[in-house]
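J.: Chains as they are written, first to last, in this note's numbering: chain G, 761 to 1255; chain D, 761 to 1255. Using N, Cα and C, we set each Cβ at its ideal position, and we do this for glycine too. No experiment lies behind these values; they were computed from the predicted model shown.
1. With 7 Å as the C-beta to C-beta threshold (strictly closer), list the residues of the stretch 1003-1032 of chain D near chain G in chain order.
2. Within the 9 Å Cβ cut-off, does residue 801/D reach chain B?
3. By how many angstroms is the C-alpha of residue 1168/D removed from the C-alpha of residue 1231/D?
4. Taking 9 Å as the threshold (C-beta atoms), are residue 1080/G and residue 1220/G in contact?
5. Taking 8 Å as the cut-off, is the CB of residue 1183/G close to at least one heavy atom of the ligand ATP?
6. According to DSSP, is residue 1172/G part of a helix, a strand, or is it coil?
7. For residue 772/D, report the span of its alpha helix (DSSP H) as first-last.
8. Let me check understanding here. Comparing Cα to Cα, which of 806/D, 793/D, 918/D and 899/D lies closest to residue 846/D?
9. Name the DSSP beta bridge partners of residue 985/D, please?
10. Would you report the Cα separation of residue 1094/D and residue 806/D, rounded to the nearest angstrom?
11. Starting from residue 1192/D, trace the alpha helix (DSSP H) in both directions and tell me its first and last residue.
12. Is the CB of residue 1150/D under 9 Å away from at least one CB in chain G?
13. With 16 other CB atoms within 10 Å as the buried threshold, where does residue 778/D fall?
14. May I have the straight-line CA-CA distance separating residue 711/G from residue 1201/G, to the nearest angstrom?
15. From the DSSP output, which residues share a beta bridge with residue 1009/D?
16. Should residue 1106/D be labelled buried (16 or more other beta-carbon atoms within 10 Å of its own) or exposed?
17. Compare the C-beta of residue 797/G against all C-beta atoms of chain D and say whether one is closer than 9 Å.
18. Please work out which residues of its chain come closer than 8 Å, Cβ to Cβ, to residue 781/D, disregarding the five sequence neighbours upstream and downstream, and give them in chain order.
19. Quick one: what does DSSP say residue 1103/D is sitting in, helix, strand or coil?
20. Name the residue from 1010/D, 1186/D, 1197/D and 1235/D whose alpha carbon lies nearest to the alpha carbon of residue 1211/D.
21. Closer than 9 Å, Cβ to Cβ, to anything on chain D: give me those residues from the stretch 964-993 of chain G, in chain order.
22. Does the beta carbon of residue 809/G sit closer than 9 Å to a beta carbon anywhere in chain D?
23. Could you tell me which residues DSSP puts in a beta bridge with residue 747/G?
24. Determine whether the beta carbon atoms of residue 1174/G and residue 1114/G lie at a separation below 9 Å.
25. Going along chain D in order, which residues have a C-beta closer than 8 Å to the C-beta of residue 793/G?
26. Tell me, please, whether the stretch 998-1009 of chain D touches the stretch 945-964 of chain D by the rule of three or more beta-carbon pairs shorter than 8 Å.
27. Give, in chain order, every unbroken run of the alpha helix (DSSP H) that is at least 4 residues long and sits entirely within the stretch 802-855 of chain G.
28. Please identify, using Cβ separations under 9 Å, the residues of the stretch 1055-1070 of chain G that lie next to chain D, in order along the chain.
29. Less than 8 Å between C-beta atoms, sequence neighbours within five positions excluded: which residues of the same chain meet that for residue 808/D?
30. To which residues of the same chain is residue 1053/G closer than 6 Å at the C-beta, ignoring the five residues directly before and after it?
31. Nearest-angstrom Cα distance between residue 1119/D and residue 1014/D?
32. Checking contacts by CB at 9 Å: is residue 775/D closer than that to chain G?
33. Which ranges does the alpha helix (DSSP H) cover as unbroken runs of at least 4 residues, wholly within the stretch 853-907 of chain D, from first to last along the chain?
34. Would you mind reading off the limits of the alpha helix (DSSP H) that contains residue 704/G?
35. Please list the partners that residue 923/G has in chain D, where partner means a Cβ-to-Cβ separation under 9 Å.
36. Which word fits residue 793/G, buried or exposed, when buried means at least 16 other C-beta atoms lie within 10 angstroms of its C-beta?
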């Protein structure tokens, strides 16, 4: 009976959180300009209500009682214990703090949009200062062991610390750098074909086809256009993706579509009956990212995938692609080159975009860096790691939405996700007979089935570390990614 | 200070209600099929939270204290008193009752959609029985003087009773019937031109132009497609309309667009600074409907309006309209004929669609009629009042969404709205020099300005009765509508 009360309460909390998610989706997809004035307040109010529900004393009592109830099943017990830890963490924050943060986030987002559009960092700076001040307070309220940044990382990647991330990155950085040096010494493939004119509606239809092919269920989701592609869930029966379409860059739509599709397959595969329960939620952000990266890179940037899809793409855009062969197309979209914008970076230099943000975030949270000095520090790191000058803040420090959302502690999960993806995909290749042939035949169903079983059905009762060890037999390490990358790029760049 | 607390609380309540409105908008416009399973629960949870906020004892105390605070301004005092009455009414209902109703409404809506689509009333009947049972309970809980239906009418048209409505309708019915008899004795204009093929995208663009011309602000709203056109607000800065487009019926899109545009102009014109306060909300449903009807009929079905717009319409659809003159077009869209479907009825027979529903609702609430007997009673009334046979329930009792939404007590406001529209428009003609010439020149701005001042700035602190008397100098009566209709239709039908 009281486990039922626990479930009902979490269902109600999920209802409020998903309503809030719809307000956010709408804000980025369909909301008219003047709707913004009260939208921030609406989201903030729902955040406050969610906080109140999550820390309701009567609910806390139910959870405390259940935590010592031996009649619960293993999974029930594990849900209850996870919720107990959630409550302990959330209780540290007052409702006022949560609403203040939510309000700062909404205002930050609006200011960031304008700042980016006008290439004027000064519009965003005061809002970022406010967000950082709140983040410093959040870190102190939450408490931490070791580095203060651990308090933030724990929200996205429970059980992973700054030291863990540094250890992986320290091993990874020189190996990746060495590979990139070999690549930059070779002749780059020509990727000019991507920048021809590609009709938007035709691109859109092709993207929808890719999603369907991956197994994305359109009766439980939809795709819309937004400035920054994202995936958002309102329950496993309604998981939406967004993308953007650039008439003069075919690559942008294709791989953002596949990337978000990977996220969405995970959400659609979560156990729908566990709506609102930890066992119905994703393991962590890095595991989420492993799903998008696996589809985007290990599948979507592979030769077999395009053995099936390229003829179709040629038939949609014959004027641009009829004369381009499959191998030239494959080499073109795997061109490695330092660039300004993370979301359109190749899968190797990409990691330096992440490492830069991770290092800047550490300094911001340590208090060594301020919002005022951020653009200069950003530009210096791009020079140091990628050897490039940043011409405008729009293409630099303002390019990503995350900080305007108050999401600090988030970026490293992108690289961790890629490394998990490589490690998981290597395991899938071992366990699924003829996986590459199947992909080359346009059939990704066996892969999806494998991911459903090994990853998607795992809820937030476990950690990324445990999932990785259970599925692949060893902890996360960069070797799988490096093996994948060395094999692939030595072929493409012929060294 | 405590008026500020009062305002903050109502702002929070508005935030929750508008979030709930967005869930409903999305459900009818963009939600994928499988999203429905939890959407009902999400809306129901927010309804429960809104109810709790609206009847919060601490808030009630603030309101009670303010009600005797003589330092408040007139408007502040009037807001507080209105809220006090709202609380007294809402407090009668438990949160459980509100959530049960909300759930029944969501389920009713889903069942109605399926029943209508499959022309199978039996799918909807049990849900309607549940809704009626809840409505009977609601009436008893709310309490009433005179007729039990007054308890429901009061939600939509405070200060108006069943007797008031009957009095107006009893006067109106024979006069309208007499006019219709004259019309049916004359030769009807040919309206076949509307049923030619009209490209959907071109219709859509023309509808958007009409909305812009009316003064609808697209930076504070948007138009989307839905099965049943509606207007919905998330605050004065975000007021959305929907329409439907039928390739083989041009009239459907045009007048639903203008109708919803009229509603939306009202919501966009409400005082934005009074977000959440009674003074920031519409007077009543009949006054709301007066705005949609005034634009739809008194403006949108007038000759001057099309003197400006018809050439444009012809240029969009030359193949269908080039050979049709303005006067034939004008006569065609004013053709009066008994028909099955309310939303596409002409402005005269329309009132019998309303009177039928009003009479049926009275019987349902009196308990003289049950959900099981409703289709037969419906069909009998259509035979009696409009002389037509109802071939299917989809075109009959299932045609309207309202009952599936639990909205009983609502329909009479449609006719009252038309009568208010005629009375207000007659006053506008007196007060705005050259109004018709201005409309014929495509300039409806003077009319909008007049409506803004006389109607849109009036909040829910007054009643429809008072607004009508203030603006037109006399209480609502059918004479203005009859004078308008007799002049217009004697011209068109030449009697």
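T.: Concretely, from the data shown:
1. Within the stretch 1003-1032 of chain D, no residue has a Cβ that lies closer than 7 Å to any Cβ of chain G.
2. Here chain B cannot be found, since the structure's protein chains are G and D.
3. Those two C-alpha atoms are separated by around 29 Å.
4. Contact: no.
5. No copy of the ligand ATP appears in this structure; indeed no ligand is present at all.
6. DSSP, read as helix, strand or coil, puts residue 1172/G in helix.
7. Under the DSSP assignment, residue 772/D falls in the alpha helix (DSSP H) whose first and last residues are 762-789.
8. Selected option, being the one with the closest Cα: 918/D.
9. According to DSSP, residue 985/D bridges with 1003/D.
10. If you take the alpha carbons of residue 1094/D and residue 806/D, they lie about 43 Å apart.
11. Where residue 1192/D is concerned, there is no enclosing alpha helix (DSSP H), given that its DSSP letter is neither H nor E.
12. Not closer than 9 Å to any Cβ of chain G, the Cβ of residue 1150/D fails to qualify, so no.
13. The Cβ neighbour count for residue 778/D, taken over all protein chains shown within 10 Å, is at least 16; the residue is labelled buried.
14. Residue 711/G is absent from the structure shown; chain G starts at 761 and stops at 1255.
15. DSSP output for residue 1009/D lists 1006/D as bridge partner(s).
16. With 16 or more other Cβ atoms from the protein chains shown falling within 10 Å of its own Cβ, residue 1106/D counts as buried.
17. Yes, its Cβ sits closer than 9 Å to a Cβ of chain D.
18. 992, 993 and 994, listed in sequence order.
19. If DSSP states are grouped into helix, strand and coil, residue 1103/D belongs with the helices.
20. Selected option, being the one with the closest Cα: 1186/D.
21. Listed by position along the chain: 977, 978, 979, 980, 981, 982 and 984.
22. Output row for residue 809/G: interface = yes.
23. Only positions 761 to 1255 of chain G appear in this structure, which leaves residue 747/G out of reach.
24. Yes, the pair counts as a contact, with Cβ atoms nearer than the cut-off.
25. Per Cβ cutoff of 8 Å: 979 and 980.
26. Proximity of the stretch 998-1009 of chain D to the stretch 945-964 of chain D meets the contact definition, three or more beta-carbon pairs being nearer than 8 Å.
27. List check, alpha helix (DSSP H) in window: 817-827 and 834-851.
28. Cβ contacts with chain D come from no residue of the stretch 1055-1070 of chain G.
29. 855, 858, 859 and 862, listed in sequence order.
30. Taken in chain order, the residues that qualify are 1177, 1178 and 1181.
31. CA-to-CA, the gap between residue 1119/D and residue 1014/D works out to about 30 Å.
32. Under the 9 Å criterion on CB atoms, residue 775/D is classed as interfacial with respect to chain G.
33. Segments of the alpha helix (DSSP H) lying fully in the stretch 853-907 of chain D: 855-878 and 881-902.
34. The first residue shown for chain G is 761 and the last is 1255, placing residue 704/G beyond what the model contains.
35. Per Cβ cutoff of 9 Å: no residues; residue 923/G is ~40 Å from chain D at best.
36. Counting Cβ neighbours within 10 Å, residue 793/G comes out exposed, since fewer than 16 surround it.
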